Structure formats: structure tokens, C-alpha cells
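Working notes, beginning with the structure itself.
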Amino acid sequence: MDDSAPEARLATLLEGNRRFASGAAQGPNRDHVRRVRISEEQNPHALVLCCSDSREVPELIFDCGLGDLFVVRTAGHCVGATVLASVEFGVLVLGIKLVVVLGHTRCGAIAASLRARHEQEGPRGHLPALMKMIRPAVDDVSLAGTPHDALADQVMLQHVRRSISVIEESADWEEHPLIVGGRYDLESGLVSLVDR
7 MDDSAPEARL
17 ATLLEGNRRF
27 ASGAAQGPNR
37 DHVRRVRISE
47 EQNPHALVLC
57 CSDSREVPEL
67 IFDCGLGDLF
77 VVRTAGHCVG
87 ATVLASVEFG
97 VLVLGIKLVV
107 VLGHTRCGAI
117 AASLRARHEQ
127 EGPRGHLPAL
137 MKMIRPAVDD
147 VSLAGTPHDA
157 LADQVMLQHV
167 RRSISVIEES
177 ADWEEHPLIV
187 GGRYDLESGL
197 VSLVDR
């Protein structure tokens, strides 16, 4: 398989993740030589849309280095106009052929959205806009009798699926990249692909 094919790049990311999760990360492309080499131009292998949670760092999770990933981070990996523009920039301007929408366990934005569903007085400031983007995933998932962690995980997975759909339906490109969903487990360190 061609190394530049999106499927090959996905396999490389998952291989790097297995190294990271097992404690055998190599930390490639993180030295002075790499920094100088990419200072004039970037050519990332993949775009990762993920949460801004400090425990979810794609370059580490996938055992990548400087310039390997184009990362778009927002609380709860929510997709609004600016995020869509960033994804389009990665695909149209940088020529990225692989987009990974990466959710994670114990996501604070997901937990807050679940809490907001039952609270009389919701969050203040701009947080309601964030909750509004996650709310459809909350509404999609059956809430009855499910323990909180399992429920939050189900909502996160559904939010990954919905985020992919929003990108596919809203983005303006002729050639579609491969778009996949992932679930990062904070405890194991492993990324698993999300079925659609």
C-alpha cells in the first residue's frame, strides 16, 4: 500500500498509538533537525480534531512529532464554523487526506452536557453554546438505567459520529478525505476506531 494513502497513514497512527500505550514510544521528529526542516513549510500526514482536554495530546498519543499532525482542538471536539474552516484548510490547502475525529473517556464537556440536561440553571457565559452542540448526542442516547461513566462514553461515541456527519455535510471540497472516528481511553492509552 502506498505510504501516502489515507489507510496507510491511519495504520501508522494506530501503530504509534500501540507504542505509546505500551510505554515504548519512540518520540520521532522532535529534534532540532526536524524543527529546522519544517520551518519553511508544513506537510502533515493527518488532521486530528480532538478535545482540548490536557490529557489528550495527539502528538503523544500517536507517537508523532513536529509537523506530523495538523491538530484542531476544542472543548468536547465540537464542530462549529471555525472548526469547519480549520478542517477545510487542512484538507484543501495542506492536502491532508486523513481526518481523525478523536473523542476520549471521561470528557468534561460531555459530563457537563449530561448534567446540564437535568439542571434548572445551566452554565453561564459561552458554555451554553458548547452544550448546545453536544446536546443532540445526549438526546440520541438512551439514559435509562445506565451508569454515569458508561452513559458518558456512549454520548461521547455518538458525539464523534455526529461530528463526522457535520464535517461531511458542511465541508466544501471536491475530493473527500478519509474521515474516521476514534475513542481514546485515558487509562489504557489506547485508541480504538468508532463504528459508524
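Position 73 (the sequence shown) corresponds to 79 in the working numbering; numbering is contiguous. Don't be surprised by glycine CBs; every beta carbon is placed ideally from N, CA and C. All figures in this text were calculated on a predicted structure; none of them were measured in a lab.
For this session: Going by DSSP, name the residue or residues bridged to residue 52.
Result: Within the sequence shown, residue 52 is the residue found at index 46, counting from 1. According to DSSP, which records beta bridges pairwise, residue 52 is partnered with 75.
Problem set entry | residue 200 in three-state terms, based on DSSP | Here the question's residue 200 lines up with position 194 in the sequence shown. Residue 200 sits in a strand when the DSSP states are folded into three classes.
Problem set entry | Minimum C-alpha distance to residue 69 - residue among 105, 106, 31, 63 | Within the sequence shown, numbered from 1, the residue matching residue 69 stands at position 63. Answer by Cα proximity: 31.
Exercise. With DSSP run on the structure shown, which of helix, strand or coil describes residue 140?
Worked result: Counted from its first residue, the sequence shown places residue 140 at position 134. Three-state DSSP puts residue 140 in a helix.
Problem set entry | residue 115, buried or exposed, once every other Cβ within 10 Å from all chains shown has been counted against 16 | If you number the sequence shown from 1, residue 115 lands on position 109. Counting of Cβ neighbours within 10 angstroms places residue 115 among the buried residues, the total reaching 16 or more.
Problem set entry | Proximal residues to residue 129 (C-beta, below 6 Å), its chain only, five neighbours per side dropped | Counted from its first residue, the sequence shown places residue 129 at position 123. Contacts found: none.
Exercise. On the premise that residue 199 lies in contact with residue 186, defined as a C-beta separation below 8 Å, what is that separation, rounded to the nearest angstrom?
Worked result: Position 180 of the sequence shown, counting from 1, holds the residue named residue 186. Position 193 of the sequence shown, counting from 1, holds the residue named residue 199. About 6 Å; that satisfies the 8 Å criterion.
For this session: Would you mind sorting residue 156 into buried or exposed? The rule is 16 or more other CB atoms within 10 Å of its CB.
Result: Taking the sequence shown and counting its residues from 1, the one referred to as residue 156 is at position 150. By the neighbour-count criterion, in which 16 or more other beta carbons inside 10 Å mark a residue as buried, residue 156 falls on the exposed side.
For this session: Check residue 38 in the structure and name its three-state DSSP category.
Result: As a working mapping, residue 38 is identified with position 32 in the sequence shown. Residue 38 falls in the helix class under three-state DSSP.
Problem set entry | Where the beta strand (DSSP E) containing residue 98 begins and where it ends | Within the sequence shown, the letter at position 92 stands for residue 98. Boundaries for residue 98: no beta strand (DSSP E) harbours it, and the DSSP string shows neither H nor E there.
For this session: Just tell me which of 191, 63, 51, 169 has its CA closest to the CA of residue 87.
Result: The residue labelled residue 87 in the question sits at position 81 within the sequence shown. Of 191, 63, 51, 169, the residue nearest in Cα terms is 169.
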